[in-house]
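Going line by line, the protein sequences match chains A and B.
Heads up, the first sequence is in this note's numbering, so the first residue is 5 and it goes up one at a time.
Heads up, the second sequence is in this note's numbering, so the first residue is 5 and it goes up one at a time.
By construction, the Cβ of each residue, glycine as well, lies at the ideal position given by its N, Cα and C atoms.
Here is the structure we will look at.
Protein chains: 2
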Amino acid sequence: MTIKDVAEFSGVSVSTVSRVLNQHPDVSEVVRGRVMDAVRELHYVPNNSARDLVKTRTDAIGVVVRGAENPFFTPVIRSIENAAEDAGYEMVLHQIQSGAGELEAAAALARSKRLNGLILLGGCYDYTPEQTAALGVPFVCCTYTNRFGRLDPASYSSVSIDDRAEAYRAVQLLLSRGHRAIAVLLDSVSDRSISQLRYQGYCEALRDAGVALDPALVAETVEFEMPAAYERTRRLLAEGPAFSALFAIADSMAIAAMKALSDAGRRVPEDCSVIAIDGIEMSRYTVPTLTTLIQPAETIGAQAVGILAEVLAGRGGSRHLRLETTLRPGGTLGAAETDRKAR
Amino acid sequence: MTIKDVAEFSGVSVSTVSRVLNQHPDVSEVVRGRVMDAVRELHYVPNNSARDLVKTRTDAIGVVVRGAENPFFTPVIRSIENAAEDAGYEMVLHQIQSGAGELEAAAALARSKRLNGLILLGGCYDYTPEQTAALGVPFVCCTYTNRFGRLDPASYSSVSIDDRAEAYRAVQLLLSRGHRAIAVLLDSVSDRSISQLRYQGYCEALRDAGVALDPALVAETVEFEMPAAYERTRRLLAEGPAFSALFAIADSMAIAAMKALSDAGRRVPEDCSVIAIDGIEMSRYTVPTLTTLIQPAETIGAQAVGILAEVLAGRGGSRHLRLETTLRPGGTLGAAETDRKAR
DNA sequence: AACGTTCCCGGTAACGTTCCCGGTATCGTT
DNA sequence: AACGATACCGGGAACGTTACCGGGAACGTT
Numbered sequence: 005m006t007i008k009d010v011a012e013f014s015g016v017s018v019s020t021v022s023r024v025l026n027q028h029p030d031v032s033e034v035v036r037g038r039v040m041d042a043v044r045e046l047h048y049v050p051n052n053s054a055r056d057l058v059k060t061r062t063d064a065i066g067v068v069v070r071g072a073e074n075p076f077f078t079p080v081i082r083s084i085e086n087a088a089e090d091a092g093y094e095m096v097l098h099q100i101q102s103g104a105g106e107l108e109a110a111a112a113l114a115r116s117k118r119l120n121g122l123i124l125l126g127g128c129y130d131y132t133p134e135q136t137a138a139l140g141v142p143f144v145c146c147t148y149t150n151r152f153g154r155l156d157p158a159s160y161s162s163v164s165i166d167d168r169a170e171a172y173r174a175v176q177l178l179l180s181r182g183h184r185a186i187a188v189l190l191d192s193v194s195d196r197s198i199s200q201l202r203y204q205g206y207c208e209a210l211r212d213a214g215v216a217l218d219p220a221l222v223a224e225t226v227e228f229e230m231p232a233a234y235e236r237t238r239r240l241l242a243e244g245p246a247f248s249a250l251f252a253i254a255d256s257m258a259i260a261a262m263k264a265l266s267d268a269g270r271r272v273p274e275d276c277s278v279i280a281i282d283g284i285e286m287s288r289y290t291v292p293t294l295t296t297l298i299q300p301a302e303t304i305g306a307q308a309v310g311i312l313a314e315v316l317a318g319r320g321g322s323r324h325l326r327l328e329t330t331l332r333p334g335g336t337l338g339a340a341e342t343d344r345k346a347r
Numbered sequence: 005m006t007i008k009d010v011a012e013f014s015g016v017s018v019s020t021v022s023r024v025l026n027q028h029p030d031v032s033e034v035v036r037g038r039v040m041d042a043v044r045e046l047h048y049v050p051n052n053s054a055r056d057l058v059k060t061r062t063d064a065i066g067v068v069v070r071g072a073e074n075p076f077f078t079p080v081i082r083s084i085e086n087a088a089e090d091a092g093y094e095m096v097l098h099q100i101q102s103g104a105g106e107l108e109a110a111a112a113l114a115r116s117k118r119l120n121g122l123i124l125l126g127g128c129y130d131y132t133p134e135q136t137a138a139l140g141v142p143f144v145c146c147t148y149t150n151r152f153g154r155l156d157p158a159s160y161s162s163v164s165i166d167d168r169a170e171a172y173r174a175v176q177l178l179l180s181r182g183h184r185a186i187a188v189l190l191d192s193v194s195d196r197s198i199s200q201l202r203y204q205g206y207c208e209a210l211r212d213a214g215v216a217l218d219p220a221l222v223a224e225t226v227e228f229e230m231p232a233a234y235e236r237t238r239r240l241l242a243e244g245p246a247f248s249a250l251f252a253i254a255d256s257m258a259i260a261a262m263k264a265l266s267d268a269g270r271r272v273p274e275d276c277s278v279i280a281i282d283g284i285e286m287s288r289y290t291v292p293t294l295t296t297l298i299q300p301a302e303t304i305g306a307q308a309v310g311i312l313a314e315v316l317a318g319r320g321g322s323r324h325l326r327l328e329t330t331l332r333p334g335g336t337l338g339a340a341e342t343d344r345k346a347r
């Protein structure tokens, strides 16, 4: 079952078999045929470990993802896998828990598995430039933020939407409908930079509209999970001040919130408008359809491997791609005024 | 950056370094300390390819999944990963498209990567016993069916729910509420054995209740995707006969169907009851909450690696584990009679 | 004092590939 | 007819690691 067996079976040397297997030109058609026949006959499959050992590169890129429970990542990961395959790379997935030291662990994994590069998906790794450089592996960040601006932009690449600006846009949509008491639902700002950025957009939109920020309308959960979002919204409805609109920093949180609203007897959008960011598949099937800013998930994933592939090919330095969302007008937006009049 | 560098740095042989790296007993404390210091100092990370090459086993199991777009698989895969890690295995994921020859490709992958075993997740591979044996890799099937009974039960292991019986139970619940015109929503029977089994349960429940099967109420989609389920339900509502209840063979299809019902102006459960099987997270957040038979996803995944680990350890032959679902009474079930009276 | 044990440690052959280098036909050229 | 070029193939080193075998030191035992 090794290359040697194939060589003996077909009466050639191991070198020749290797050449045939790797599409090298210096081999005659007749020999190539004999070898291929032997391969089929013996059901030979090359040993990847041995192959990777002798070559320096593995032709594999790693995707380290924090919070894979977020359904938004599903299409991103799929598009990464497809794009990687098209570019001749294999994708290996590695989930990490939120916590310190995980990036080092991922880098160690990358080095031990001889991965060519890394795609960091959905997390916040506030490392110093020195620490980042110590990774020793080229990487590109996806749906990720350089918290505190500690990373030197020239030392890495990234592709994502402009979270702050898009959140600003979402909240502005609510404001333009006359809403003033706008609640925001987010997961832990301290741990999640994406959440933090979108929260900033919320704050700035309110400020620019001359609306005072009410801390009691900021509903923060400790984790991203839907049950937490549901429970937090329930508590906000029970204990917090009144609000006519809700901005959720993620579709999945919005869906949980809509359930909480419904359970509390509040209708969407009559009693409360809802808007979010992400555009996960499920958000098309809520009743009413969730109004949300759809991230170009496929493009994000494809561009990430595109940039990484360029870096790996030697050409192309660091790039920071900012993509735009597209608004899907669902049915969760209502006007604040007409609402009041209707009552 | 190799083991040799570490050996030279710490003034010992490569053998000794290897020994301390693999927790072998025959090494003194002082030397162990020196080596560990060197490892840290040089940021040494073992080369997995070389390690795998010399050992026969890789301590990795592959999960080949067909239709990873099904959100039901998410927790299953996660639990497999966790259980694998606990058992000292690494998990590698491999998605396949529906199509022939994919299992062979997966087996080739397993052999080329020297995977210890395979978990086949959510598919139907109707192979002959000879073909199966030719895989050359121990495997256990998960949410999977031995279509046509062609596989010798003694030649493999499996863990899943009893799809036929659970579907029977779901439809029985509808029947017990007085429903007679019960539609069924499923994806391609010809390609998906799970779908086929659940459809069988539907047919048998109707038959045992003395209800004639109406082919016009059998809504089949060509693919599993939610848009297909939505569209098929829409068409059923527009063109098909009246029905007071719907059995969807999967939660995700049920959610899409509920949206179609809503868009058609039909209320759930007043105008139409809905029941499904799976118990995905999203189904808790529909309005009303979906009534469904929850699969023990975590247990399924954990048991799958448990059985595989036993097989790999040499002990334990083939086992076929059938787990039970638990009914979550949501709000999508109504009575047929009271409904009619209310009108 | 000689010997057997135990405890460490080093040398070295594998593991299955790829790749470089060198070698042998074959063939056309002068 | 001798020679260079070309096409094709085999030999063997290397990749980084583990596992086996053997050997030396220290120590207790008779």
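Alpha carbon of residue i to alpha carbon of residue j, nearest angstrom
| i | j | result |
| --- | --- | --- |
| R184(A) | T147(A) | 29 Å |
| L325(A) | V163(A) | 5 Å |
| V309(A) | V144(A) | 8 Å |
| P29(B) | V10(B) | 19 Å |
| A306(A) | A87(A) | 5 Å |
| E73(B) | I7(B) | 42 Å |
| G205(B) | E170(B) | 7 Å |
| V141(A) | L107(A) | 11 Å |
| V226(B) | S277(B) | 24 Å |
| Y160(B) | Y48(A) | 23 Å |
| Y234(B) | T237(A) | 29 Å |
| R271(A) | A261(A) | 12 Å |
| K59(A) | N51(A) | 13 Å |
| E89(A) | D212(A) | 45 Å |
| L201(B) | A249(B) | 20 Å |
Min CB distance residue i to chain B below 8 Å
| i | result |
| --- | --- |
| N52(A) | yes |
| D56(A) | yes |
| M40(A) | no |
| L97(A) | yes |
| E285(A) | yes |
| S266(A) | yes |
| K263(A) | yes |
| R118(A) | yes |
| A340(A) | no |
Where residue i sits in the DSSP three-state scheme
| i | result |
| --- | --- |
| A246(B) | coil |
| A254(B) | coil |
| F228(A) | coil |
| F76(B) | coil |
| R319(B) | coil |
| V39(B) | helix |
| Y234(A) | helix |
| C145(A) | strand |
| A223(A) | strand |
| A301(B) | helix |
| Q307(A) | helix |
| M286(A) | helix |
Cβ of residue i within 8 Å of any chain A Cβ
| i | result |
| --- | --- |
| Y289(B) | yes |
| S19(B) | no |
| R70(B) | no |
| M230(B) | yes |
Contact check, residue i vs residue j, beta carbons under 8 Å
| i | j | result |
| --- | --- | --- |
| A174(A) | I279(A) | yes |
| N120(A) | T62(A) | yes |
| A301(B) | F76(B) | yes |
| L57(B) | S116(A) | no |
| L122(B) | A114(B) | yes |
| I284(B) | L297(B) | no |
| G182(B) | A339(B) | yes |
| I186(A) | F251(A) | yes |
beta-carbon residue i near the ligand NAD non-hydrogen atom, thresh 7 Å
| i | result |
| --- | --- |
| S197(B) | The ligand NAD is not part of the structure shown, which contains no ligands of any sort. |
So, does the region 260 to 278 of chain B touch the region 284 to 292 of chain A, judging by three or more C-beta pairs under 8 Å? yes
Would you call the region 7 to 23 of chain A and the region 36 to 43 of chain A in contact, with 3 or more CB pairs under 8 Å? yes
_Touching by the beta-carbon criterion (3+ pairs, under 8 Å), the region 87 to 104 of chain B and the region 60 to 79 of chain B_ = yes
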